[in-house]
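So that you can map any letter, position 141 of the sequence shown is 142 in my numbering, and since no number is skipped, the others follow by simple counting.
Okay, so here's the structure we're looking at.
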Amino acid sequence: MAPPVFRFAPSPNGFLHLGHAYSALLNFDRARECGGRLLLRIEDIDATRCRPEFETAIYEDLAWLGIAWETPVRRQSEHLADYRAALEKLSVLGLVYPAFESRAEIARLVAAREAAGPWPRDPDGAPLYPSEATSLSADERSRLIASGAPYALRLDMAAACRHAPGVSWNELGEGPDGERGVVPARPEAWGDVVLARKETPTSYHLSVVVDDALQGASEIVRGQDLFYATAVHRLLQVLLGLPEPAYRHHRLIRDEAGRKLSKSGRSTGLRESRAAGLTPAAIRRLVGLG
2 MAPPVFRFAP SPNGFLHLGH AYSALLNFDR ARECGGRLLL RIEDIDATRC
52 RPEFETAIYE DLAWLGIAWE TPVRRQSEHL ADYRAALEKL SVLGLVYPAF
102 ESRAEIARLV AAREAAGPWP RDPDGAPLYP SEATSLSADE RSRLIASGAP
152 YALRLDMAAA CRHAPGVSWN ELGEGPDGER GVVPARPEAW GDVVLARKET
202 PTSYHLSVVV DDALQGASEI VRGQDLFYAT AVHRLLQVLL GLPEPAYRHH
252 RLIRDEAGRK LSKSGRSTGL RESRAAGLTP AAIRRLVGLG
């Protein structure tokens, strides 16, 4: 039997903090316990926010923590053809359509609907896309694309759920409400999610499932903030015929006010902790690994 494969997949859009350290250390520890492999992936598809100095800092911080990973490192920006191929598979199934509204226009559409009553929101609290673009004819869509209009490629969630009903996943960790074991997926709660944009041929949801499959990740260890998004990822895996990994969602490291850590919170940054004289062992204790 092949050894289990784990991965840590940060975005180089800021410096790592204690929450990243906890997730990276959990992956590293699990790989050692199981005699498995640990891979590192740099999720750098957001060209406007990702910077080389942040990527370099990721390597430095992880090495300082004592974490070792296999090389070469997968950088998403070098594999855009993989995401285009996956998107084309979904398009052939008739599950993708272009939407041309700007974020401001979508906000106005949602506001108009909320005037008549509550509008549904996704598990992260964002309003669902109103699906205005689904009423456009094929000729109108082609005309708008040919004109150079910006657009997002969205998953037709209702059609996708009909194509792949009854999706679930195996939860080895714990969800926000204590979910364990076989968890029924509810991807419809996310509405017609964005899979790509005119200027970027992928999104987080699409690239993460493609990368995990191509890298052979067998156990996904990540924070509970991504627990509900797993429903979308499992749906895409089924639609694309990709392997099903197990998932192990872990608690989040929070600040003194109970908020989820962000890369802008310098007080919890690994570089600041290192400069203050903390050791890797002290970081382990801070995040509860002892």
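We put the beta carbon where it would ideally sit given N, CA and C, even for glycine.
By a C-beta neighbour count over all protein chains shown, 10 Å radius and 16 as the cutoff for buried, is residue i buried or exposed?
| i | result |
| --- | --- |
| T72 | exposed |
| S136 | exposed |
| A218 | buried |
| L215 | exposed |
| P188 | buried |
| G259 | exposed |
What number of angstroms, rounded off, separates the C-alpha of residue i from the C-alpha of residue j?
| i | j | result |
| --- | --- | --- |
| I43 | A116 | 42 Å |
| D45 | E79 | 9 Å |
| I107 | Y98 | 16 Å |
| R50 | S204 | 14 Å |
| L19 | S274 | 9 Å |
| E298 | P13 | This structure does not reach residue 298, given that the chain is present from 2 up to 291, and the question cannot be answered. |
| H194 | G278 | First, the residue type needs correcting, since residue 194 is Val and not His in the sequence shown. Each residue's alpha carbon lies about 44 Å from the other. |
| S292 | Y130 | Absent from the structure is residue 292, since the part of the chain shown begins at 2 and ends at 291. |
| V168 | R181 | 15 Å |
| R223 | P11 | 11 Å |
| G291 | L240 | 41 Å |
| F101 | P151 | 6 Å |
| R75 | R52 | 16 Å |
| P124 | Y229 | 7 Å |
| S208 | Q77 | 8 Å |
Say the cut is 8 Å; is the CB of residue i nearer than that to a heavy atom of the ligand NAD?
| i | result |
| --- | --- |
| A139 | For the structure depicted, the ligand NAD is absent and the ligand set is empty, with no information on it obtainable. |
Return helix, strand or coil for residue i, following the three-state DSSP convention.
| i | result |
| --- | --- |
| H80 | coil |
| Y229 | coil |
| V288 | coil |
| P128 | strand |
| R187 | coil |
| R50 | coil |
| T135 | helix |
Would you mind reading off the limits of the beta strand (DSSP E) that contains residue i?
| i | result |
| --- | --- |
| R38 | 38 to 43 |
| R255 | Run containing R255: none; DSSP gives neither H nor E here. |
Going by DSSP, what residue range makes up the alpha helix (DSSP H) through residue i?
| i | result |
| --- | --- |
| W65 | 53 to 65 |
| H164 | 158 to 164 |
| V6 | That residue, V6, is in no alpha helix (DSSP H); its beta strand (DSSP E) goes 6 to 9. |
| V209 | 205 to 215 |
| L145 | 139 to 147 |
Spell out the partners DSSP gives residue i in its beta bridges.
| i | result |
| --- | --- |
| A153 | A100, R198 |
| H18 | G270 |
| I221 | Y248 |
| G182 | E172 |
| F29 | DSSP output for F29 lists no bridge partner at all. |
| R109 | Partner(s): none; R109 has no beta bridge. |
| S75 | Note on identity: in this sequence residue 75 is Arg, with Ser being the wrong assignment. R75 pairs with R42. |
| R122 | P128 |
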